[in-house]
Amino acid sequence: MNQSPLYIAILAALSTSTLSSTTYAETDKLKKITVAATAEEAAPQEDTHTSAELLDNGNSETGDVLRQVNGVSAARKGGHGLDPQIRGQQYSQLNILLDGAKIEGGCPNRMDPPTSYSEVSSYDEVVVIRGVNSVLNGPGGSGGTILFNRQKPTYNPEKNHLRRSLCWEIEYFKL
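Here the sequence shown stands for residues -25 to -1, 1 to 150, where the numbers follow mature numbering (1 follows the signal peptide of the UniProt record, and there is no 0).
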């Protein structure tokens, strides 16, 4: 009988499975182990800052102001503006949203980073989200998301500039 290597390999595989099944039945049962511990608090993935908090140190450039937030750094790419980085991820790995609109950097070498289009003092709050926590802020953003948000303005009749302007014109032009 001519025995091929394939025949020997199949025979060896079948014999080990039968041996292992007999030894499994003879093994001892292990005792139950119970581990009790308190869960550690995870680092916050989201920071919300008001523009007044961020502008407190005197910086006015948006990328420089964002450096104050834990986990955010920035790199200068052109004559002005700093390109933000969250945990080492940058460019298209970050979503930068100005009032819900995604902003991309300009120029081929990102000389105009997306933060150069936003002035921190003109927004009510800046939210930095590290990592991918939600799909609410659009696709991508594996590094994180930076949201620049304004609060909805409230109507105040005492500050109605149109009415004041109209009254001034009526009085001035004697309409």
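Just so you know, even glycine gets a beta-carbon here, dropped at the ideal spot from N, CA and C.
Counterpart residues of residue i in DSSP-defined beta bridges
| i | result |
| --- | --- |
| D58 | A50 |
| R105 | G119 |
| K77 | L72 |
| E21 | I104 |
| N124 | E100 |
| D87 | G81 |
| Q65 | DSSP, once it has assigned bridges, lists no residue as partnering Q65. |
Cβ neighbours of residue i in the same chain (closer than 8 Å, five flanking residues each side left out)
| i | result |
| --- | --- |
| E21 | V102, V103, I104, R105 and N108 |
| T37 | G56, L57, T90, S91, S93, E94 and V95 |
Beta-carbon separation (whole angstroms), residue i vs residue j, contact threshold 8 Å
| i | j | result |
| --- | --- | --- |
| G113 | L69 | The pair is not a contact, with the Cβ atoms about 11 Å apart (cut-off 8 Å). |
| I61 | G46 | 6 Å |
| Q65 | G118 | 7 Å |
Neighbourhood of residue i by C-beta, 6 Å cutoff - its chain only, sequence neighbours within 5 removed
| i | result |
| --- | --- |
| L73 | S93 and F123 |
| M86 | K52 and G53 |
| I71 | I78, P89 and I121 |
Nonlocal neighbours in the same chain, by C-beta distance under 7 Å from residue i, ignoring five residues either side
| i | result |
| --- | --- |
| L30 | V40, V95 and S96 |
| S67 | G115 |
| T23 | E100 and V102 |
| E28 | none |
| S48 | R42 and Q60 |
Residue of the options minimising C-alpha distance to residue i
| i | options | result |
| --- | --- | --- |
| Y98 | T25, I78 and K7 | T25 |
| Q126 | G75, P59 and N34 | G75 |
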